[in-house]
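Colleague: This is the structure I want to talk about, given as structure tokens.
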Amino acid sequence: MERTMVCNYQLMIEPVYGIYVGPFEEAPDGGQWVKIRRGVYLDQGSLPDLPYWEINRHITRARMVGVSQTRLVDESLPVFTGECALIAQGVNTWLGAADLTAWRADGTSKYSACRLPEMVIDDHKVPPVTYSSRDGRRVGRENAQSLQLETTMPTEAILDLIRGGHPVQVFAAAGDIMRKVSGYTNSQQQRTRPLAEAFRDELMGMVVNLRKFRKRAVELVSAIDPGVYGPGEAFLRWVLLSISDLQLVQTQFPVRIRGLRYFLDAAIPSKKCCFEFDGSSKSGTPESQVEFTRRQQNLTNAGWKIYRLTWSSIYQWMRTVHEIAVFLAGNGVPVTRPLRHTWVALPSGLLVRERW
Numbered sequence: 008m009e010r011t012m013v014c015n016y017q018l019m020i021e022p023v024y025g026i027y028v029g030p031f032e033e034a035p036d037g038g039q040w041v042k043i044r045r046g047v048y049l050d051q052g053s054l055p056d057l058p059y060w061e062i063n064r065h066i067t068r069a070r071m072v073g074v075s076q077t078r079l080v081d082e083s084l085p086v087f088t089g090e091c092a093l094i095a096q097g098v099n100t101w102l103g104a105a106d107l108t109a110w111r112a113d114g115t116s117k118y119s120a121c122r123l124p125e126m127v128i129d130d131h132k133v134p135p136v137t138y139s140s141r142d143g144r145r146v147g148r149e150n151a152q153s154l155q156l157e158t159t160m161p162t163e164a165i166l167d168l169i170r171g172g173h174p175v176q177v178f179a180a181a182g183d184i185m186r187k188v189s190g191y192t193n194s195q196q197q198r199t200r201p202l203a204e205a206f207r208d209e210l211m212g213m214v215v216n217l218r219k220f221r222k223r224a225v226e227l228v229s230a231i232d233p234g235v236y237g238p239g240e241a242f243l244r245w246v247l248l249s250i251s252d253l254q255l256v257q258t259q260f261p262v263r264i265r266g267l268r269y270f271l272d273a274a275i276p277s278k279k280c281c282f283e284f285d286g287s288s289k290s291g292t293p294e295s296q297v298e299f300t301r302r303q304q305n306l307t308n309a310g311w312k313i314y315r316l317t318w319s320s321i322y323q324w325m326r327t328v329h330e331i332a333v334f335l336a337g338n339g340v341p342v343t344r345p346l347r348h349t350w351v352a353l354p355s356g357l358l359v360r361e362r363w
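If you number the sequence shown the way my numbering does, the last residue is 363 and the count never jumps.
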């Protein structure tokens with residue numbers, strides 16, 4: 008098979024930059040090429056200005072291209088599954104340094120595994136991962152393709168996350184897919200939320216027949232929401248699911264105060280209390296800081312009680328869970344013991360200080 012350069016090529020949803028496939032001596036000039044696997048290189052010069060999770064995702068994609076190019080020699084293109092399948096399709100899983108798992112597309116029952124080493128881009132370290140391939144039970148099912156990469160469909164990949172990932176990953180990734188398939192926007196919720204439900208219905212039709220993890224799967228699929236943006240709001244969604252009645256909570260709840268419209272990240276309108284996750288965009292510039300202060304004052308003056316979360320809140324997550332429970336109870340919202348089937352420790356990739 009002819010080897011070609013893959014640079015800024017288009018996946019199903021978004022492009023991947025700076026991957027070169029071919030002999031190193033023929034790599035384009037000007038690139039800071041780092042070896043992923045033999046014959047596959049990544050231009051590290053295009054990465055340092057990206058957020059933490061984006062660097063992880065770019066390297067994960069490059070690792071998948073490397074694995075696929077190696078397997079082409081054996082005529083057994085792997086079908087990637089789980090988190091790495093979602094990354095290949097441009098879905099925001101927000102951790103991004105995923106172990107690579109794949110089904111063998113040649114129909115054999117051979118199992119193989121290997122270790123892919125740690126990658127260092129300037130001072131950014133992406134941890135080593137394991138690549139494992141299993142038998143070809145998925146051969147014959149519908150798969151998604153994107154040039155050198157073949158993956159399971161997003162619904163199956165979300166099920167893999169439900170089985171082996173964390174609820175925060177499920178909420179972040181599934182919310183991202185729901186927004187994409189429905190065209191969801193905060194200002195068009197009435198029109199787009201029903202469209203997002205089609206994705207939930209498809210997932211629910213798959214999980215009700217599971218033999219293992221069915222209770223956990225039904226709980227998580229019932230709670231995914233297109234109004235959950237990123238890991239901070241996904242973390243909040245997980246906490247509220249685990250210790251309270253999520254049916255009381257509305258995401259991106261619209262309120263109008265003094266002629267201004269705000270969308271609250273998560274709100275319990277009956278108690279007029281809400282939760283807001285403060286990422287860097289909310290107060291990163293003098294202008295956004297002024298708007299942030301005005302928003303806070305307007306909501307408070309209108310009688311809203313606000314609990315604010317930041318990245319440091321997630322880093323100290325057990326204390327934050329206790330504080331949220333106290334906030335809920337103080338506003339008359341019943342609090343329960345954490346649900347055993349969803350209450351698991353946060354993945355370390357969500358707790359790195361580089362996210363701050």
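Where a beta carbon is used, it is the ideal one built from N, C-alpha and C, also for glycine.
Just confirm the distance between the C-beta atoms of Phe260 and Leu271, as a whole number of angstroms; I'd bet it's less than 8 Å.
Modeller: 5 Å
Colleague: Within 10 Å of its beta-carbon, does Gly356 have 16 or more other beta-carbons around it, so buried, or fewer, so exposed?
Modeller: Under the 10 Å beta carbon count, Gly356 is surrounded by 16 or more other beta carbons and is classified as buried.
Colleague: Just to confirm, does Arg218 get its C-beta within under 7 Å of one of the non-hydrogen atoms of the ligand SAH?
Modeller: Here there are no bound small molecules, and the ligand SAH is not part of this structure.
Colleague: Ignoring anything shorter than 4 residues, give me the alpha helix (DSSP H) runs that lie fully in the stretch 32 to 89, in order along the chain.
Modeller: 59 to 79
Colleague: As an exercise, report each continuous alpha helix (DSSP H) stretch of at least 4 residues that is fully enclosed by the stretch 175 to 242, in chain order.
Modeller: 196 to 214, 221 to 230
Colleague: Going straight from the alpha carbon of Cys281 to that of Lys222, what length do you get?
Modeller: 28 Å
Colleague: Could you spell out where the alpha helix (DSSP H) holding Gln257 opens and where it closes?
Modeller: Taken as a continuous stretch (DSSP letters only), Gln257 belongs to no alpha helix (DSSP H), being part of the beta strand (DSSP E) at 257 to 264.
Colleague: Using 8 Å for Cβ pairs, my map puts Trp101 next to Gly234. What's the rounded Cβ distance?
Modeller: The C-beta separation of Trp101 from Gly234 comes to about 16 Å, leaving the pair out of contact by the 8 Å criterion.
Colleague: Would you report the Cα separation of Pro199 and Tyr118, rounded to the nearest angstrom?
Modeller: Inspection of the sequence shows that residue 199 is occupied by Thr rather than by Pro. Distance between the alpha carbons of Thr199 and Tyr118: 43 Å.
Colleague: Using the C-alpha atoms, what's the distance from Leu227 back to Leu316?
Modeller: Looking at the two C-alpha atoms, the distance is approximately 22 Å.
Colleague: Return the chain-ordered ranges of every beta strand (DSSP E) run that is complete within the stretch 107 to 141 and spans a minimum of 3 residues.
Modeller: Within the stretch 107 to 141, the runs of beta strand (DSSP E) that reach at least 3 residues and sit entirely inside it are, in chain order, 107 to 110, 119 to 123, 126 to 128, 131 to 133, 136 to 141.
Colleague: Given Pro345, which residues of its chain have a CB within under 7 Å of its CB, disregarding the five upstream and five downstream residues?
Modeller: Cβ neighbours of Pro345 within its own chain (closer than 7 Å, five residues either side excluded): Ser249, Ile250.
Colleague: Apply the 10 Å Cβ neighbour rule to Val342 and answer buried if 16 or more other Cβ atoms are within range, or exposed otherwise.
Modeller: exposed
Colleague: Apply the 10 Å Cβ neighbour rule to Trp311 and answer buried if 16 or more other Cβ atoms are within range, or exposed otherwise.
Modeller: Trp311 comes out buried.
Colleague: From Asp167 to Asp142, what does the alpha carbon distance come to, in whole angstroms?
Modeller: 16 Å
Colleague: Could you tell me which of Pro30, Ser319, Leu267 sits nearest to Gln304, measuring between CA atoms?
Modeller: Proximity to Gln304 across Pro30, Ser319, Leu267 peaks at Leu267, based on C-alpha coordinates.
Colleague: Using DSSP with H/G/I as helix, E/B as strand and the rest coil, what is Val146?
Modeller: Note that Val146 scores 49 on pLDDT, short of 50, meaning its location in the model is unreliable; the coordinates nonetheless yield the value given after this. In the structure shown, Val146 sits in coil (DSSP, three-state: anything other than H, G, I, E or B).
Colleague: Can you name the residues that DSSP bridges to Tyr269?
Modeller: For Tyr269, the pairing in a beta bridge is given by DSSP as Val262.
Colleague: What is the DSSP secondary structure of Ala92, reduced to helix, strand or coil?
Modeller: helix
Colleague: Only counting runs of 4 or more residues, tell me where the alpha helix (DSSP H) segments fall wholly within the stretch 284 to 360, in order along the chain.
Modeller: Listed in chain order, they are 287 to 290, 293 to 308, 318 to 322, 324 to 337.
Colleague: Skipping 5 residues on each side, what residues in its chain have a beta carbon closer than 7 Å to that of Tyr322?
Modeller: Leu358
Colleague: Span of the alpha helix (DSSP H) holding Leu166?
Modeller: 161 to 171
Colleague: May I have the straight-line CA-CA distance separating Val225 from Gly29, to the nearest angstrom?
Modeller: 45 Å
Colleague: Give the secondary structure of Val28 by DSSP, where H, G and I count as helix, E and B as strand, and everything else as coil.
Modeller: strand
Colleague: Please state if the CB of Glu61 and the CB of Gly172 are separated by a distance shorter than 8 Å.
Modeller: no
Colleague: What does the Cβ neighbour count give for Met325, buried or exposed, with the cut at 16 atoms within 10 Å?
Modeller: exposed
Colleague: When DSSP labels each residue in this structure, what does Leu156 get in the three-state scheme?
Modeller: Residue state, collapsed to three classes: strand.
Colleague: According to DSSP, which residues form a beta bridge with Ile275?
Modeller: Cys280
Colleague: Could you tell me which residues DSSP pairs with Ala104 in its beta bridges?
Modeller: BP columns for Ala104 are empty, so no partner.
Colleague: Measuring alpha carbon to alpha carbon, tell me which of Val86, Ala105, Arg170, Arg45 ends up nearest Glu149.
Modeller: Checked all of Val86, Ala105, Arg170, Arg45; the closest Cα to Glu149 is Val86.
Colleague: Measuring only the C-alpha atoms, how far is Val146 from Arg111?
Modeller: Because Val146 sits at a pLDDT of 49, beneath the cut-off of 50, its placement in the model cannot be relied upon, and the point is left open.
Colleague: Tyr27: which of Arg64, Met211, Ala69, Val333 sits nearest, CA to CA?
Modeller: Ala69
Colleague: Output needed for Gly73: all residues of its chain with C-beta closer than 6 Å, excluding positions within five of it in sequence on either side, in chain order.
Modeller: Here the set comprises Ile43, Arg44, Val47.
Colleague: Can you give the Cα-Cα distance for Met126 and Ser277, rounded to whole angstroms?
Modeller: 49 Å
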